[in-house]
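In our numbering, the protein residues as written are 13 to 369. Some notes on the structure that comes next.
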Amino acid sequence: MFLVLPGFSGQTEAPAAVLGAAVDLGCGAVGANHPISVARGSLPPLPQRFMCGPHARGAVDLLSSTSALVLLWSDGRAHTSAPAQRFLGTLDLDLGEGIMRECDRFWPHYQEVIRNRKSCILDLAVDCIENDGTRQVVVLGAGMDALSIELCSRLDCAVFDVDSAGMDRKEQLVGPLARDLRGSLRCVTADASKRASVTSGLGGAGWSREEPSLLVVEGLSYYLTAGDLWGLASGFATPNRSNRMILEYLLPTSDIPEDLRPVASRPFDLIVKEAYESVIPLAAFPMPHHPPGLTAEDSLWAFTTRYGPGDVEARAAGLGGAVLSRHDMRSMEMRRTGSNAVFGERSGWIEVCKIAL
Ligand SMILES: C[S@@+](CC[C@H](N)C(=O)[O-])C[C@H]1O[C@@H](n2cnc3c(N)ncnc32)[C@H](O)[C@@H]1O
Numbered sequence: 013m014f015l016v017l018p019g020f021s022g023q024t025e026a027p028a029a030v031l032g033a034a035v036d037l038g039c040g041a042v043g044a045n046h047p048i049s050v051a052r053g054s055l056p057p058l059p060q061r062f063m064c065g066p067h068a069r070g071a072v073d074l075l076s077s078t079s080a081l082v083l084l085w086s087d088g089r090a091h092t093s094a095p096a097q098r099f100l101g102t103l104d105l106d107l108g109e110g111i112m113r114e115c116d117r118f119w120p121h122y123q124e125v126i127r128n129r130k131s132c133i134l135d136l137a138v139d140c141i142e143n144d145g146t147r148q149v150v151v152l153g154a155g156m157d158a159l160s161i162e163l164c165s166r167l168d169c170a171v172f173d174v175d176s177a178g179m180d181r182k183e184q185l186v187g188p189l190a191r192d193l194r195g196s197l198r199c200v201t202a203d204a205s206k207r208a209s210v211t212s213g214l215g216g217a218g219w220s221r222e223e224p225s226l227l228v229v230e231g232l233s234y235y236l237t238a239g240d241l242w243g244l245a246s247g248f249a250t251p252n253r254s255n256r257m258i259l260e261y262l263l264p265t266s267d268i269p270e271d272l273r274p275v276a277s278r279p280f281d282l283i284v285k286e287a288y289e290s291v292i293p294l295a296a297f298p299m300p301h302h303p304p305g306l307t308a309e310d311s312l313w314a315f316t317t318r319y320g321p322g323d324v325e326a327r328a329a330g331l332g333g334a335v336l337s338r339h340d341m342r343s344m345e346m347r348r349t350g351s352n353a354v355f356g357e358r359s360g361w362i363e364v365c366k367i368a369l
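Here's what the structure looks like:
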């Protein structure tokens with residue numbers, strides 16, 4: 013069943029009524045009833061597997077399944093330097109395998125989408141460092157992605173991976189690679205929805221507000237409210253637009269070609285199903301709106317934040333910035349593969365923008 017919230021799909025913020033009904037269980041986990049019809053206090057107890065803490069297989073030791081899924085689809089082809097490959101070889105991606113198999117049965121080209129997106133974002137980031145004067149890169153919601161390692165192995169820059177989970181583990185895994193990196197890499201544990209948490213974590217790790225920075229937001233904007241994301245981005249705004257932001261985001265349903273709408277939402281359907289059927293703590297999916305209950309049949313798609321035509325431009329302009337380039341799924345495919353085998357006639361459901369802040 014596809015969960016429909018009237019008047020919500022396609023908006024960049026959930027209505028206050030939906031937000032107000034949320035139950036925060038302390039670690040981003042959610043209860044088990046319909047988000048709209050269930051009153052606070054009437055939720056049944058959560059199954060043990062949704063709990064955070066010592067009894068759960070927490071995201072500290074395991075990749076969140078969304079990060080694992082993306083890594084499985086990119087299959088080591090996005091970040092090909094020797095240190096990135098060595099790092100990727102150490103990861104246990106089991107958590108993503110069930111979702112990947114089901115997604116691939118539904119539509120066989122997801123991996124192309126991820127590879128195109130990752131290739132585009134890497135190219136844009138390298139360009140910022142080589143040509144725009146970027147000295148520091150902050151990768152928000154980095155998970156176990158190897159973008160930071162790839163950048164550090166190619167270029168002399170300071171990279172800061174930020175995630176709410178898994179960063180201690182990542183720093184341990186990256187430690188032995190340090191002598192093969194040209195740049196420096198630090199892993200910071202912080203909640204991207206809390207600007208103060210991110211800025212103090214970054215400050216503690218050596219990030220300087222005065223040095224030109226690039227903020228990379230890939231695979232994360234859907235899980236943050238627009239207010240939280242752009243509030244955080246405002247901390248990177250400069251008077252002369254010398255900072256950069258690379259933002260990957262979902263489009264509203266109405267802007268996605270009709271035949272691709274179920275393809276776009278499918279992975280989000282399966283995230284919840286998988287969480288119910290396995291031991292993945294839902295804390296691995298800290299949704300901004302904390303829907304108070306999702307059944308195994310519901311989709312996170314309805315709760316994702318999405319940006320329509322003009323939204324990103326308006327948000328960037330609101331911070332005194334500007335969109336420098338925009339890349340839809342057709343252009344990302346053409347850029348990486350030299351042809352449009354998958355997105356020949358139309359584009360898809362994600363875009364990447366390069367923004368001056
Ligand atoms: C789909 S993965 C994307 C990983 C990587 N950026 C990529 O695109 O390959 C989403 C990541 O965002 C992280 N995340 C989700 N909500 C977050 C929050 N509020 N603060 C920090 N990290 C968050 C998750 O832990 C996970 O590692």
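Backbone N, C-alpha and C fix where the C-beta goes; we use that ideal spot for every residue, glycine too. Here the structure is a predicted model, which is why all the values come from computation and not from measurement.
8 Å Cβ cutoff met for residue i and residue j
i: residue 169; j: residue 146; result: yes
i: residue 83; j: residue 179; result: no
i: residue 210; j: residue 217; result: no
i: residue 213; j: residue 200; result: yes
i: residue 420; j: residue 139; result: Missing from the structure shown is residue 420; the chain here goes from 13 to 369 and no further.
i: residue 335; j: residue 121; result: no
i: residue 263; j: residue 363; result: yes
i: residue 345; j: residue 124; result: yes
i: residue 228; j: residue 324; result: no
i: residue 98; j: residue 189; result: yes
i: residue 127; j: residue 86; result: yes
i: residue 101; j: residue 81; result: no
i: residue 172; j: residue 219; result: yes
i: residue 361; j: residue 283; result: no
i: residue 256; j: residue 368; result: yes
Among the options, the one whose alpha carbon lies nearest that of residue i
i: residue 330; options: 251, 101 and 269; result: 251
i: residue 279; options: 313, 189 and 246; result: 313
i: residue 163; options: 87, 115, 92 and 254; result: 92
i: residue 270; options: 359, 204, 342 and 318; result: 359
i: residue 204; options: 191, 236 and 220; result: 236
i: residue 148; options: 158, 337, 196 and 103; result: 196
i: residue 253; options: 219, 225, 81 and 100; result: 225
i: residue 130; options: 266, 258, 172 and 198; result: 258
i: residue 160; options: 134, 337 and 341; result: 134
i: residue 318; options: 233, 103, 185 and 177; result: 233
i: residue 347; options: 247, 136 and 116; result: 136
i: residue 274; options: 115, 321, 185 and 337; result: 115
i: residue 339; options: 105, 272 and 365; result: 365
i: residue 141; options: 223, 206 and 110; result: 223
i: residue 206; options: 103, 351, 266 and 246; result: 246
Buried versus exposed call for residue i [16 or more other C-beta atoms within 10 Å across all chains shown]
i: residue 113; result: exposed
i: residue 231; result: buried
i: residue 208; result: exposed
i: residue 328; result: buried
i: residue 143; result: exposed
i: residue 260; result: buried
i: residue 89; result: exposed
i: residue 239; result: exposed
i: residue 215; result: exposed
i: residue 333; result: buried
i: residue 326; result: exposed
i: residue 281; result: buried
i: residue 11; result: In the structure as shown, the chain starts at 13 and stops at 369, and residue 11 therefore has no counterpart that could be examined.
i: residue 316; result: buried
i: residue 79; result: buried
i: residue 77; result: buried
i: residue 117; result: exposed
i: residue 277; result: buried
i: residue 6; result: There is no way to answer for residue 6, as the model of the chain reaches only from 13 to 369.
i: residue 198; result: buried
Residue i beta carbon near ligand 3 (any heavy atom closer than 7 Å)
i: residue 236; result: Ligand 3 is not among the ligands present in this structure, which contains only ligand 1.
Cβ-heavy atom distance, residue i to ligand 1, below 7 Å
i: residue 204; result: yes
i: residue 153; result: yes
i: residue 244; result: no
i: residue 157; result: yes
i: residue 79; result: yes
i: residue 212; result: no
i: residue 96; result: no
i: residue 176; result: yes
i: residue 232; result: yes
i: residue 171; result: no
i: residue 82; result: yes
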